[in-house]
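Respectively, the protein sequence lines represent chains A and B. FYI, the numbering for the first sequence is 1 to 538, going by UniProt numbering. FYI, the numbering for the second sequence is 1 to 538, going by UniProt numbering. Even for Gly, the Cβ is constructed at its ideal location relative to N, Cα and C. Here the structure is a predicted model, which means the values were calculated and not measured. Read through the structure below, which is laid out as C-alpha cells, and then see the notes.
2 protein chains.
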Amino acid sequence: MLKKAKASLEHLYRVFTVPEQGDSKLAEIEQHLSANLSDFLSQHVVTQARSLEDLEQDFADFRVPEEPEFVSAHAEHLLDKLVANSVNTYSPTFIGHMTSALPYFHLPLSKLLVGLNQNPVKIETSKAFTPLERQVLGMLHKLIYDDSDDFYQAHLHSARRSLGAFCSGGTVANITALWVARNNLLKADGDFKGVAKEGVAAAMSHYGYKKLAVICSKRGHYSLSKAVDLLGLGREQLLTIDCPGQTLSAEKALQAARKFEAQGNKVLAIVGVAGTTETGHIDPLSELADVAQQLGCHFHVDAAWGGPTLFSHTHAKLLTGIEHADSVTIDAHKQMYVPMGAGMVLFKNPEDSNAVRHHANYILRAGSKDLGATTLEGSRNGMAMLVYSALHIFGRSGYELLVDQSIEKAQLFAQLINDDPDFELVTDPTLCILTYRACPRIVQAQLQQASSTDKERINQRLDELTVRVQKQQRESGKSFVSRTRLEVAKYPGQTITVFRVILANPLTTKQDLLDILAEQKAISEKTQTFQKLISPAA
Amino acid sequence: MLKKAKASLEHLYRVFTVPEQGDSKLAEIEQHLSANLSDFLSQHVVTQARSLEDLEQDFADFRVPEEPEFVSAHAEHLLDKLVANSVNTYSPTFIGHMTSALPYFHLPLSKLLVGLNQNPVKIETSKAFTPLERQVLGMLHKLIYDDSDDFYQAHLHSARRSLGAFCSGGTVANITALWVARNNLLKADGDFKGVAKEGVAAAMSHYGYKKLAVICSKRGHYSLSKAVDLLGLGREQLLTIDCPGQTLSAEKALQAARKFEAQGNKVLAIVGVAGTTETGHIDPLSELADVAQQLGCHFHVDAAWGGPTLFSHTHAKLLTGIEHADSVTIDAHKQMYVPMGAGMVLFKNPEDSNAVRHHANYILRAGSKDLGATTLEGSRNGMAMLVYSALHIFGRSGYELLVDQSIEKAQLFAQLINDDPDFELVTDPTLCILTYRACPRIVQAQLQQASSTDKERINQRLDELTVRVQKQQRESGKSFVSRTRLEVAKYPGQTITVFRVILANPLTTKQDLLDILAEQKAISEKTQTFQKLISPAA
Chain A
1 MLKKAKASLE
11 HLYRVFTVPE
21 QGDSKLAEIE
31 QHLSANLSDF
41 LSQHVVTQAR
51 SLEDLEQDFA
61 DFRVPEEPEF
71 VSAHAEHLLD
81 KLVANSVNTY
91 SPTFIGHMTS
101 ALPYFHLPLS
111 KLLVGLNQNP
121 VKIETSKAFT
131 PLERQVLGML
141 HKLIYDDSDD
151 FYQAHLHSAR
161 RSLGAFCSGG
171 TVANITALWV
181 ARNNLLKADG
191 DFKGVAKEGV
201 AAAMSHYGYK
211 KLAVICSKRG
221 HYSLSKAVDL
231 LGLGREQLLT
241 IDCPGQTLSA
251 EKALQAARKF
261 EAQGNKVLAI
271 VGVAGTTETG
281 HIDPLSELAD
291 VAQQLGCHFH
301 VDAAWGGPTL
311 FSHTHAKLLT
321 GIEHADSVTI
331 DAHKQMYVPM
341 GAGMVLFKNP
351 EDSNAVRHHA
361 NYILRAGSKD
371 LGATTLEGSR
381 NGMAMLVYSA
391 LHIFGRSGYE
401 LLVDQSIEKA
411 QLFAQLINDD
421 PDFELVTDPT
431 LCILTYRACP
441 RIVQAQLQQA
451 SSTDKERINQ
461 RLDELTVRVQ
471 KQQRESGKSF
481 VSRTRLEVAK
491 YPGQTITVFR
501 VILANPLTTK
511 QDLLDILAEQ
521 KAISEKTQTF
531 QKLISPAA
Chain B
1 MLKKAKASLE
11 HLYRVFTVPE
21 QGDSKLAEIE
31 QHLSANLSDF
41 LSQHVVTQAR
51 SLEDLEQDFA
61 DFRVPEEPEF
71 VSAHAEHLLD
81 KLVANSVNTY
91 SPTFIGHMTS
101 ALPYFHLPLS
111 KLLVGLNQNP
121 VKIETSKAFT
131 PLERQVLGML
141 HKLIYDDSDD
151 FYQAHLHSAR
161 RSLGAFCSGG
171 TVANITALWV
181 ARNNLLKADG
191 DFKGVAKEGV
201 AAAMSHYGYK
211 KLAVICSKRG
221 HYSLSKAVDL
231 LGLGREQLLT
241 IDCPGQTLSA
251 EKALQAARKF
261 EAQGNKVLAI
271 VGVAGTTETG
281 HIDPLSELAD
291 VAQQLGCHFH
301 VDAAWGGPTL
311 FSHTHAKLLT
321 GIEHADSVTI
331 DAHKQMYVPM
341 GAGMVLFKNP
351 EDSNAVRHHA
361 NYILRAGSKD
371 LGATTLEGSR
381 NGMAMLVYSA
391 LHIFGRSGYE
401 LLVDQSIEKA
411 QLFAQLINDD
421 PDFELVTDPT
431 LCILTYRACP
441 RIVQAQLQQA
451 SSTDKERINQ
461 RLDELTVRVQ
471 KQQRESGKSF
481 VSRTRLEVAK
491 YPGQTITVFR
501 VILANPLTTK
511 QDLLDILAEQ
521 KAISEKTQTF
531 QKLISPAA
C-alpha cells in the first residue's frame, strides 16, 4: 500500500491477502515482543513521563486521514507516539495497578484469537467457542459453589439455563448480577407481567415498594453506583455503610436495611466484596449471607479481584460464605493473568439468568443455545479462549502457587514497612494489596500524643507528602505505586491519603520492594513538606 | 512447565519470563497464521461440521484441571478441539456473517496490544491510549457531524465533555445512548434531583409520565429491547412499527407517538437504523429527525453496520439526516474491518454524556480526563488502538473503496439472482446486504396467479426448502449463507424465510457468487420439498 498515494483496490487487497514481510517494521516489533517483552518495553516505553496536555498534541487531528499510509510507516508512528507513552504494566517495579505481567503464551494465543475472529453471541458465528465458554463458566461455578456432578451434567450445556455470563469486565458483571436480581424480585405476578416487560415504575407500584436499595460498604466498587443508575433505582438507593475497618459490618448492614424497609422500601441486594479495590479486604461473607437471607434479598459477591484466592488450599477459607452468594463476579484479567477484557458473573441458580432472557428472529431463536440470549453485551470477542488456555496451562495448582506467592510477598512488604521507622503501614494485607505512607519517625511519635485537632493538621501535611512522593516517583519512571484516600479506624472522622500497592506480579522481588521504599524515602526527605514536618516548630 | 507434574514456582516464572521457543507448537501456529492465514484456516478448520451436542463432549469437564499442562501440548489440543471446530470467517465463500476477512496488520497489532495490556478506564493505566481514544471518537464525530474546527479544538480533549464513548460493541453503544437520553429527559428539576439519583419511579412521578417509550421499526436491533428492560422502562415500551418495506415510516412513527402520548405517556427516543441487521436497509433519517424534533425527544441512529458508508463520497448520501441524530452507534468490527470488540457511540452535544458521569475516590477523580467517568464499562482493553491504526492505514479513500466495492458486489449478486429464473430476490441491496430464496421458475409463475391462501401454502413449502438448502450448504462446509424470517410487501400478512447474504469480504469474487448459487440449486433440486413443489399436484 502506497503512502500518501491514491488508494487503489489492488493495494487494498494486498493488506487482506499478503502477509507482513519478515523484514518489515511490524514484523520486527513482533519478533522483539516475542523474544523479550521486558526488553521491548524497556527500550520503547519512555521513562520520563510527558504531561497529558503534551501528549494530546500528538492526538489532536480530528479528521480521518484522507490517504492510506504504509503499514511500516504507521508502525514507526505507533512506536513513537503510542508505545513510548504507554504504561509499562509488565515491569516488576510498577506495583500500583491491578494489571501485571502476563505469561508469554497469551501473545501468540491472542494472535490466534484475532485470526479466528469468532463472535460468541451465537453459535453460527462461534461454533466450538460456545461450549468452550460454557465450560469455562462451569469451571468457575464449580470452584465457587462446588455443586454435584449431576448438577453440572444437567446444566453445563443446557439450552434453557446458564451457569453465568461472560463479559468485558467486572462492571458489566456487577450490572448483570443486579439486573438479574431486580428482574427476579419484581417478577410477573398475576396480571402484572414483570419489570422486564412493564418497567420499574409499574413494578414498584404493583409490589407496593417506594424505593429499592442495594447495600454495600463505602469500599464497594463504583460500578455499583453505575448499576443502580442504569437499572432505574437511582444512585441515592445505593446505601454505602461506613467501614473504618475496611469491611462491611453485617450488623450495620442489617440495621440500615431495617430502617430503610420500615419506610415502605425494599432491599434488592446486599453486595459483599471479596478483595476491595483499594485495600484488598474481604467482607464477612457468611454473615452477610445470613443478613440477605433474613431480608429475603439477593446476595451478590464482587470477587472481581479476590475470586482466584479460591484456587489456594491455604487461603480459600478467607472467602468462606461465597458459596451462599446468589451471584459472584470474577475478573480473569486480574488475578488470573489473562489480558484485559475477561469478566464473568456466575449464578448459583442456573434458572436465574432467565430473568433477562431475550430472543430475536434471526438470532438467539427460542430453544437455541446461543450465549447472547442471556448476556448484556451482544457481539463480542472470544476472550473465554484465553481463560480456558490459562486454566489448562496453569492448572489449579499453578494458580495456587501464584496466589500464595503474592500474599506472601505482601506480608513480606508489610514487614519491611513495619521494620522501617519512617513508614507507617495503614492497612494490613488480607490478600496481596496493602496501603501505607511515608511518615518520619519523629512525626509518628508526635501523632501518638497529639490532640485530635493536631492529628488532623499533621495528617493533612502527611497527605501532601504522600501526593508529592507518589507523583515524583511516577514521573521519575523507575517505579510506580498508586495512591488513594481512606478512612481508617486509627484516625476516626478523617480521610487520609496513602500509597496503594498490589503485589500480583510474580516477577517482583524483595530487592525491588526495598528499592521502592528507599526511593520513596529519598524523594520524601528532599521535599519542603518533609522539612516542615520534622522542624520543631511544626 | 511440566505436564501433569507438580507445579513449581520456578516453572511458573518461566511462562512469565521465557518466550515461546521458535520451534514450539505455538510458535509454529503463529508462523503459519502470519505467513498465510487463509491456508492456516483451510488446513485446520474442518469443513464437515460436527453437531453441537458432539462438540459439547469435548468441553464437558467442569473441574479446573489440577495440574499444569505444557504450552505445546495445550496448543495441539486447541488446534484439535477448538480451531478445527470454529467458523472460517476469513473465507470468501462464507458470506452469511457480519464478520469477514481482516487485513493482516491486525495480527501483529493485536499482539502488540496484548503486550502493552493497557486499561483505558483511567489515564494512570493507559496514558497515551486516553488521548488516542478521544481522537478516534473525534474523527468519527467529525465524519458524522462535520462540526467546526473550533468545536473539535474545544472538546476533543476536554475534561468536562466528551464526543462519545468506546465500548465492546453496538449493544453497549445503544444502551449507553438510551441511558444518556433517559437521564437527560428526566433531569434534575427543582427539588427533584434527577433520575440518575432518584430512580425511574420517582422521575415518572415528578414529571407526570405514566410510561416512557422508545420507537423503532420491527427491524430494530434486539439490543433495543435489552436497553428498555435494563433502563427500567420495560420491553412493552419498545414500540416496534410494522415495516413491510423494511424501513420505519416517519408518518407511522409519529402516529404511534401521538397515540402513546395522548395516554399520558412520553416518547423518550426515536431510533432510526442505518443498515438493518437483516436486510441492510436505511430508515428515512431526515424525516425521523423531524418527527423527533416535533415530539421533543431524543433521536438515536443505530449505524452499527452502515456508519462507514459515510467514508464513500458516492454513497454517503444514503445516510443523509444522520447529522441530526443526538447520538449514533458505529461498530468498527463490522465495516471498518477491525477485530471483534470495537463499538462506539457518538454524541452530537458533548455535554450529553455528563448525564451519566460518575466519580470515585481512587479513580475518575472530578476534573480528571479519565475515560471511565462516562462509559458504561469500567476496565476494558485498548481496542481503540486498532481502530486508530485502521483509520491511518486505510485512510478515508481506502475505506471508500472498500465500501464502494461491497455495494457494487451486492448489486452484481442481485443481478445474478434476477437473471436466474430459479431464484427470487426478496430485498434489494441498499448497502451490501440482500435477501433471496430458491424458488423454481414454475413456482414463481404459480405464485403470481395464486390466491392469497394458495400463496401462503406455497410460501410455507418454500420456507421449508430455504431452511433445508441453507442447513445442507452450511453442513457441506464449502460456503455459508445465513437465513432469517421477514415480512415483505409482496406477501402481505406473511413472514417468509430467506437466505441472507452480506458482501463485505473484499476477497469474494463473482465466481464465488456463481458457485454459491449453483450449489444451492443443486442442493435444492435434490430435496423432496423441491419435488413436491414442482409436481403438478402441488
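Item to check | Strand pairing of Y436(A), partner residues [DSSP] | outcome: Under DSSP, the beta-bridge partners assigned to Y436(A) are L425(A), F499(A).
Item to check | C-beta neighbour in chain B for F62(A), strict 7 Å | outcome: It does: the Cβ of F62(A) has a partner Cβ on chain B nearer than 7 Å.
Item to check | Cβ pair P120(A), L371(A) closer than 7 Å | outcome: In this structure, P120(A) lies near L371(A), with their beta-carbon atoms less than 7 Å apart.
Next on the checklist: If I measure Cβ to Cβ from I175(B) and keep anything under 8 Å in the same chain, skipping five residues before and after, which residues do I get?
Outcome noted: Within the same chain, I175(B) has close Cβ partners S223, K226, A227, L230, L231, L376.
Item to check | Cross-chain neighbours of R134(A) in chain B, by beta carbon under 9 Å | outcome: Listed along chain B, the residues sitting closer than 9 Å to R134(A) by beta-carbon distance are E56, F59.
Next on the checklist: For a contact defined as C-beta to C-beta under 7 Å, what are the partners of K317(A) on chain B?
Outcome noted: Within 7 Å Cβ-Cβ: nothing; K317(A) doesn't reach chain B, min ~18 Å.
Item to check | Beta-ladder partner(s) of G199(B), from DSSP | outcome: Its beta-bridge partners do not exist; DSSP assigns none.
Item to check | Buried versus exposed call for P440(A) [16 or more other C-beta atoms within 10 Å across all chains shown] | outcome: Label assigned to P440(A): buried.
Checklist entry - What are the start and end residues of the alpha helix (DSSP H) that includes I270(A)? => result Premise fails: I270(A) lies in the beta strand (DSSP E), 266 to 273, not in any alpha helix (DSSP H).
Next on the checklist: Could you check whether the Cβ of E66(B) sits closer than 7 Å to any Cβ belonging to chain A?
Outcome noted: It does; some Cβ of chain A falls within 7 Å.
Next on the checklist: Taking CB distances under 7 Å as the criterion, tell me whether A538(A) reaches chain B.
Outcome noted: For A538(A), the predicted structure reports a pLDDT of 48, less than 50, and the residue's modelled location is therefore unreliable. The matter cannot be settled from this model.
Next on the checklist: I'd like to check one pair, M204(B) with A196(A): are the Cβ atoms closer than 7 Å?
Outcome noted: Cβ distance not < 7 Å, so A196(A) and M204(B) don't count as in contact.
Checklist entry - Quick one: Cα of T508(B) to Cα of F129(A), how far? => result Between T508(B) and F129(A), the alpha-carbon positions lie close to 25 Å from each other.
Next on the checklist: Output needed for M1(A): all residues of its chain with C-beta closer than 8 Å, excluding positions within five of it in sequence on either side, in chain order.
Outcome noted: Confidence at M1(A) is low in this model, with a pLDDT of 41, below 50, so its placement is unreliable and no value can be given for it.
Next on the checklist: Helix, strand or coil, according to DSSP, for M385(A) in the structure here?
Outcome noted: DSSP places M385(A) in helix when its eight states are reduced to three.
Next on the checklist: With a threshold of 8 Å, are at least 3 pairs of Cβ atoms found where one atom belongs to the segment 307 to 318 of chain B and the other to the segment 77 to 87 of chain A?
Outcome noted: No, because fewer than three Cβ pairs between the segment 307 to 318 of chain B and the segment 77 to 87 of chain A fall closer than 8 Å, the two stretches do not touch.
Checklist entry - Rounded C-beta distance between residue 555(A) and V443(A)? I'm assuming under 8 Å. => result It is not possible to answer for residue 555(A), since the shown part of chain A is limited to 1 through 538.
Checklist entry - So what's G164(A) in DSSP terms, helix, strand or just coil? => result Strand.
Checklist entry - Which value, in whole angstroms, describes the spacing of the CA atoms of T320(A) and N349(A)? => result Going by C-alpha positions, T320(A) is about 19 Å away from N349(A).
Item to check | Beta-carbon spacing of I282(B), T430(B) below 7 Å | outcome: Pairing I282(B) with T430(B) gives a Cβ-Cβ distance under 7 Å.
Next on the checklist: If contact is defined by three or more beta carbon pairs under 8 Å, each pair taking one atom from either stretch, is the segment 100 to 111 of chain A in contact with the segment 19 to 35 of chain B?
Outcome noted: In short, these stretches touch, since the Cβ pair count reaches three.
Next on the checklist: Out of R63(B), L79(B), E66(B), which one is the CA nearest neighbour of H32(B)?
Outcome noted: Across the set R63(B), L79(B), E66(B), the C-alpha of L79(B) shows the shortest separation from the C-alpha of H32(B).
Next on the checklist: Any beta carbon from chain B within less than 7 Å of A128(A)'s own beta carbon?
Outcome noted: For A128(A), the closest Cβ of chain B is nearer than 7 Å.
Checklist entry - Using a C-beta cutoff of 7 Å, does G398(B) count as contacting chain A? => result Taking a beta-carbon distance threshold of 7 Å, G398(B) counts as an interface residue toward chain A.
Item to check | Short CB-CB distance (under 7 Å) between R380(A) and chain B | outcome: For R380(A), at least one C-beta of chain B is nearer than 7 Å to its own C-beta.
Checklist entry - According to DSSP, is Q404(B) helix, strand or coil? => result The question names Gln, but residue 404(B) in the sequence shown is Asp. Residue state, collapsed to three classes: helix.
Checklist entry - For D326(A), is the classification buried or exposed, using 16 other Cβ atoms within 10 angstroms of its Cβ as the cut-off for buried? => result D326(A) is buried by the Cβ-count criterion.
Checklist entry - By DSSP, does S249(A) sit in helix, in strand, or in coil? => result Annotated three-state conformation of S249(A) is coil, per DSSP.
Checklist entry - Over what stretch of residues does the alpha helix (DSSP H) that includes A173(A) continue unbroken? => result A173(A) -> alpha helix (DSSP H) spans 170 to 185.
Checklist entry - Per DSSP, L447(B) is paired with what? => result Paired residues: none, contrary to the question.
Checklist entry - If you measure beta-carbon to beta-carbon, which residues of the segment 147 to 181 of chain A are closer than 7 Å to chain B? => result For the segment 147 to 181 of chain A, which is checked against every Cβ of chain B, the residues closer than 7 Å are Y152, L156, H157, S168, G169, G170, T171, V172, W179.
Next on the checklist: Between F347(B) and chain A, is the shortest Cβ-Cβ distance under 7 Å, so that the two count as touching?
Outcome noted: By this cut-off, F347(B) is not an interface position.
Checklist entry - If we cut at 7 Å on Cβ distances, does G232(B) have a partner in chain A? => result So, interface residue.
Item to check | Nearest to I496(B) (by Cα), restricted to the options R485(B), R50(B), R380(B) | outcome: Of the residues R485(B), R50(B), R380(B), the one whose Cα lies closest to the Cα of I496(B) is R485(B).
Next on the checklist: Between the alpha carbons of H359(B) and I516(A), how many angstroms are there, rounded?
Outcome noted: In a straight line, the C-alpha of H359(B) is about 29 Å away from that of I516(A).
Item to check | Short CB-CB distance (under 7 Å) between N354(A) and chain B | outcome: The beta carbon of N354(A) sits no closer than 7 Å to any beta carbon of chain B.
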